[in-house]
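Novice: Each residue of the sequence shown is one higher than the one before, starting from 61 at the first, in this note's numbering.
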Amino acid sequence: MPDLVVAGAGMAGLVAAAEATERGARVVVHEKGSRPGGSMLLSSGVVWRHRELEDFRRECPGGKPELQRLVHERLDGDLAWLAGLGARVVARSTGNRATVGARFDTRSLTDALARRVGDLRLGEPLRELPDGTPVVLATGGFQADRDLVRERITPEADSLLLRATPWSTGDGLALGRSAGAAATTGMEEFYGRNMPAPPARIDEAQFVPLAQLYAHHAVVESDGETYEPTTWSEIDVVQWTARRPGARAAYRVARARLAERVGERTVGEMVAAAERAGAPVHRGSGDVTVEVVAGITTTLGGLAVDEHAWAAPGVYAAGNDVGGIATGGYSSGLAAALVLGRVAAARALEAG
Ligand SMILES: Cc1cc2nc3c(=O)[nH]c(=O)nc-3n(C[C@H](O)[C@H](O)[C@H](O)COP(=O)(O)OP(=O)(O)OC[C@H]3O[C@@H](n4cnc5c(N)ncnc54)[C@H](O)[C@@H]3O)c2cc1C
Numbered sequence: 061m062p063d064l065v066v067a068g069a070g071m072a073g074l075v076a077a078a079e080a081t082e083r084g085a086r087v088v089v090h091e092k093g094s095r096p097g098g099s100m101l102l103s104s105g106v107v108w109r110h111r112e113l114e115d116f117r118r119e120c121p122g123g124k125p126e127l128q129r130l131v132h133e134r135l136d137g138d139l140a141w142l143a144g145l146g147a148r149v150v151a152r153s154t155g156n157r158a159t160v161g162a163r164f165d166t167r168s169l170t171d172a173l174a175r176r177v178g179d180l181r182l183g184e185p186l187r188e189l190p191d192g193t194p195v196v197l198a199t200g201g202f203q204a205d206r207d208l209v210r211e212r213i214t215p216e217a218d219s220l221l222l223r224a225t226p227w228s229t230g231d232g233l234a235l236g237r238s239a240g241a242a243a244t245t246g247m248e249e250f251y252g253r254n255m256p257a258p259p260a261r262i263d264e265a266q267f268v269p270l271a272q273l274y275a276h277h278a279v280v281e282s283d284g285e286t287y288e289p290t291t292w293s294e295i296d297v298v299q300w301t302a303r304r305p306g307a308r309a310a311y312r313v314a315r316a317r318l319a320e321r322v323g324e325r326t327v328g329e330m331v332a333a334a335e336r337a338g339a340p341v342h343r344g345s346g347d348v349t350v351e352v353v354a355g356i357t358t359t360l361g362g363l364a365v366d367e368h369a370w371a372a373p374g375v376y377a378a379g380n381d382v383g384g385i386a387t388g389g390y391s392s393g394l395a396a397a398l399v400l401g402r403v404a405a406a407r408a409l410e411a412g
């Protein structure tokens, strides 16, 4: 009999399993997909926090202050722990002055964590809660379940691009709820990116390079309405787009703005990438218009937990299965998964 069962071999689940193994526990990790790494493997690998806790509070006002403080205070130590496991750090900064953290090579991060897990059961989803063994639910949210997304987030669910693995369908949420865990507010919130619209074809290797991240340099229009972005992360723009007809919008960019930089790329480079992928792009004499579709990456609402990642008796949760951290805004899903994953494993074994 194991000391701990973990559902999900993505960021939170692998971290929880590695922490538990380090503590000498016998751990079984169930993974629904055919490989470890979850959406983390597809991600940019930037594990970050706001520079100041007050900024986290201000940008994510609906989140639980105790959980935000926990992530804020533990992240730097947890990043050092992760690097110590052999995960390759690509950059020791985030490229954003408002945040601090590190960027990991996600292949190396997955491998470094997965090799610490003795019993990793690929293609074996956790379907019911174990009897008498503590469990960490880390199944990655519910963005891949169209019905839940339609019910909770947008009637345009069928038009959204799923910008994540296909396996996170709300299993952790359902299992946690069946044990009596509460759900948080903000179930209608999600993190994502606007992406080149159909007929563009986008495979998972293109989720990061094809993101259209220049709403601040564009006039954003959909079905006769315009939208003014309010956040640097543009999370408000993608959430607005998701609720427009066909989950679509158009970005109209003046030619003079194409040379503007957003992170490592120029606006013009992002437009050209969308065009190459097959999105409708209309070039006028003074501007360029790109059609985009909302891409859903992770849901932000989920199970309610306390500072020990406890959700219900014997049931702990981490990663995107947990809500109440980024509510009202956006914060690093990888950071929350790292911090809560370690806390969940430690507490589950202590309480054991
Ligand atoms: C393109 C992209 C870019 C991103 N960039 C960033 C970034 O730079 N910084 C950042 O902080 N975040 C980023 N994210 C988000 C980040 O990847 C997630 O927040 C993070 O992976 C969440 O960790 P998790 O463990 O909850 O979910 P995941 O890493 O997705 O792992 C969940 C795992 O659970 C498995 N699973 C599902 N159901 C079951 C079941 N019943 N039983 C067993 N296993 C199950 C899934 O198959 C999956 O492997 C990005 C995501 C994507 C897709």
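Think of the CB as a built atom: it goes at the ideal place given N, C-alpha and C, for glycine as much as any other residue.
Determine the direct distance from the alpha carbon of M71 to that of V160, and round the result to whole angstroms.
Specialist: Reading the sequence shown from its first residue, position 100 is the one you call residue 160. Reading the sequence shown from its first residue, position 11 is the one you call residue 71. If you take the alpha carbons of V160 and M71, they lie about 19 Å apart.
Novice: Out of L409, A405, G412 and L398, point me to the one whose CA is closest to W141's CA.
Specialist: To locate residue 141, count along the sequence shown from 1; it is residue 81. Nearest C-alpha to W141: L398.
Novice: Residues in the same chain with beta-carbon distance under 7 Å from P226, minus the five sequence neighbours each way, listed in chain order, please.
Specialist: As a first step, residue 226 must be located in the sequence shown, where it is residue number 166. A204, listed in sequence order.
Novice: Could you please give the first and the last residue of the uninterrupted alpha helix (DSSP H) stretch that includes G168?
Specialist: Locating residue 168 in the sequence shown gives position 108, where the first residue counts as 1. Here the sequence assigns Ser to residue 168, which means Gly is not the residue at that position. Its alpha helix (DSSP H) spans residues T166 to A174.
Novice: Within its chain, find whatever has a CB closer than 6 Å to the CB of W300; leave out the 5 residues flanking it on each side and keep chain order.
Specialist: The sequence position of residue 300 within the sequence shown is 240, counting from 1. Cβ neighbours of W300 beyond the five flanking positions: Y287.
Novice: Helix, strand or coil: how does DSSP classify I295 here?
Specialist: On the sequence shown, residue 295 is found 235 positions in, with the first residue counted as 1. Here I295 sits in helix by DSSP.
Novice: I need the straight-line Cα distance from R407 to V196, nearest angstrom please.
Specialist: Locating residue 407 in the sequence shown gives position 347, counting from the first residue. Locating residue 196 in the sequence shown gives position 136, counting from the first residue. Cα-Cα distance, rounded: 10 Å.
Novice: By Cβ distance below 7 Å, which residues in the same chain neighbour L360 in space, the five residues on each side in sequence not counted?
Specialist: As a position in the sequence shown, residue 360 is number 300, starting the count at 1. So the qualifying residues of the chain are G246, E249, F250, Y251, G383, A386 and T387.
Novice: Would you identify the three-state DSSP class for F202, choosing helix, strand or coil?
Specialist: Along the sequence shown, read from residue 1 onward, the residue named residue 202 stands at position 142. Three-state result, F202: coil.
Novice: Under 9 Å between the Cβ atoms of I356 and A319?
Specialist: Looking up residue 356 in the sequence shown gives position 296. Looking up residue 319 in the sequence shown gives position 259. Contact flag unset, no.
Novice: Can you tell me which of R83, D136, C120 and S103 puts its alpha carbon nearest to the alpha carbon of S391?
Specialist: As a working note, residue 391 is residue 331 in the sequence shown. Checking every option, the nearest Cα to that of S391 belongs to C120.
Novice: Tell me whether A339 sits in a helix, a strand or coil according to DSSP, three-state version.
Specialist: In the sequence shown, residue 339 corresponds to position 279, counting from 1. Correct three-state label for A339: coil.
Novice: Measure from the alpha carbon of A260 to the alpha carbon of each residue in R308, A172 and S293, then state which is nearest.
Specialist: Your numbering for residue 260 matches position 200 in the sequence shown. The candidate whose alpha carbon is nearest that of A260 is R308.
Novice: Quick test of the definition: if touching needs 3 or more C-beta pairs under 8 Å, does the stretch 164–182 touch the stretch 72–91?
Specialist: yes
Novice: For E216 and L208, what's the separation of their Cα atoms in angstroms?
Specialist: Locating residue 216 in the sequence shown gives position 156, where the first residue counts as 1. Locating residue 208 in the sequence shown gives position 148, where the first residue counts as 1. Using only the alpha carbons, I get a separation of about 12 Å.
Novice: Quick check: does the Cβ of F116 come within less than 8 Å of any heavy atom belonging to ligand 1?
Specialist: As a working mapping, residue 116 is identified with position 56 in the sequence shown. Answer for F116: no, Cβ out of range of ligand 1.
Novice: Taking the straight line between their C-alpha atoms, what separation do you get for F347 and Y311?
Specialist: Your numbering for residue 347 matches position 287 in the sequence shown. Your numbering for residue 311 matches position 251 in the sequence shown. Rather than Phe, the amino acid found at residue 347 in this sequence is Asp. Using only the alpha carbons, I get a separation of about 10 Å.
Novice: How is W300 classed by DSSP in three states: helix, strand or coil?
Specialist: Indexing the sequence shown from 1 puts residue 300 at position 240. Reduced to three states, the DSSP call for W300 is helix.
Novice: Specify the secondary structure class of S228 as computed by DSSP and reduced to three states.
Specialist: Counted from its first residue, the sequence shown places residue 228 at position 168. S228: coil per DSSP, three-state reduction.
Novice: What are the boundary residues of the beta strand (DSSP E) that R181 is part of?
Specialist: By 1-based counting over the sequence shown, the position of residue 181 is 121. Segment D179 to L182, the beta strand (DSSP E) holding R181.
Novice: Distance check for L64 and P190, CA to CA, integer angstroms please.
Specialist: For the purposes of this step, residue 190 is taken as the residue at position 130 of the sequence shown. For the purposes of this step, residue 64 is taken as the residue at position 4 of the sequence shown. Near 9 Å, if we compare the C-alpha coordinates of L64 and P190.
Novice: In angstroms with no decimal places, state the Cα-to-Cα distance between R109 and F116.
Specialist: In the sequence shown, counting from the first residue as 1, residue 109 sits at position 49. In the sequence shown, counting from the first residue as 1, residue 116 sits at position 56. Approximately 8 Å, taken between the alpha carbons.
Novice: Using the Cα positions of V107 and E335, report the straight-line distance between them to the nearest angstrom.
Specialist: Residue 107 sits at position 47 when you count from the first residue of the sequence shown. Residue 335 sits at position 275 when you count from the first residue of the sequence shown. Distance between the alpha carbons of V107 and E335 is about 30 Å.
Novice: With DSSP as the reference, identify every bridge partner of P256, one or two as the case may be.
Specialist: What you label residue 256 is simply residue 196 of the sequence shown in a count that begins at 1. BP columns for P256 point to V352.
Novice: Using CA coordinates, which residue listed in F267, H132 and M330 is at the minimum distance from L221?
Specialist: Residue mapping note: residue 221 aligns to position 161 of the sequence shown, counting from 1. Among F267, H132 and M330, the Cα nearest to that of L221 belongs to F267.
Novice: Using a Cβ-Cβ cut-off of 7 Å (strictly less than) and excluding sequence neighbours within five positions of A172, which residues of its own chain qualify?
Specialist: Taking the first residue of the sequence shown as 1, we reach residue 172 at position 112. Closer than 7 Å at Cβ, skipping near neighbours: L145, G146 and A147.
Novice: Consult DSSP for R134 and reduce its assignment to one of helix, strand or coil.
Specialist: Here the question's residue 134 lines up with position 74 in the sequence shown. Here R134 sits in helix by DSSP.
Novice: Under the three-state reduction of DSSP, which class applies to G161: helix, strand or coil?
Specialist: Along the sequence shown, one-based indexing puts residue 161 at 101. It is a strand residue.
Novice: Are the Cβ atoms of V280 and P289 separated by less than 9 Å?
Specialist: Indexing the sequence shown from 1 puts residue 280 at position 220. Indexing the sequence shown from 1 puts residue 289 at position 229. A contact, by the Cβ cut-off of 9 Å.
Novice: Mind checking which residues open and close the beta strand (DSSP E) that includes L382?
Specialist: As a working note, residue 382 is residue 322 in the sequence shown. Reading the sequence as shown, one finds Val at residue 382 and not Leu. Looking at the DSSP string, V382 is not in any beta strand (DSSP E), and its letter there is neither H nor E.
Novice: Going by the beta-carbon positions, is the gap between A69 and A174 smaller than 9 Å?
Specialist: The sequence position of residue 69 within the sequence shown is 9, counting from 1. The sequence position of residue 174 within the sequence shown is 114, counting from 1. For A69 and A174, yes; Cβs fall inside 9 Å.
Novice: By DSSP's criteria, S282 is part of a beta bridge. Which residues make up the other side?
Specialist: By 1-based counting over the sequence shown, the position of residue 282 is 222. Note: S282 sits in a beta bridge opposite E285.
Novice: Mind checking M61: buried by the 16 CB within 10 Å criterion, or exposed?
Specialist: Here residue 61 refers to the residue found at position 1 when the sequence shown is read from its first residue. Flag for M61 reads exposed.
Novice: Name the two residues that bound the continuous beta strand (DSSP E) containing R312.
Specialist: Position 252 of the sequence shown, counting from 1, holds the residue named residue 312. Residues R308 to A314.
Novice: From A198, T193, P194 and A224, pick the residue whose C-alpha is nearest to that of R206; which is it?
Specialist: The residue given as residue 206 occupies position 146 in the sequence shown. The candidate whose alpha carbon is nearest that of R206 is A224.
Novice: Along the chain, where does the beta strand (DSSP E) containing L409 start, and where does it finish?
Specialist: If you number the sequence shown from 1, residue 409 lands on position 349. Where L409 is concerned, there is no enclosing beta strand (DSSP E), although the alpha helix (DSSP H) it sits in stretches over G393 to A411.
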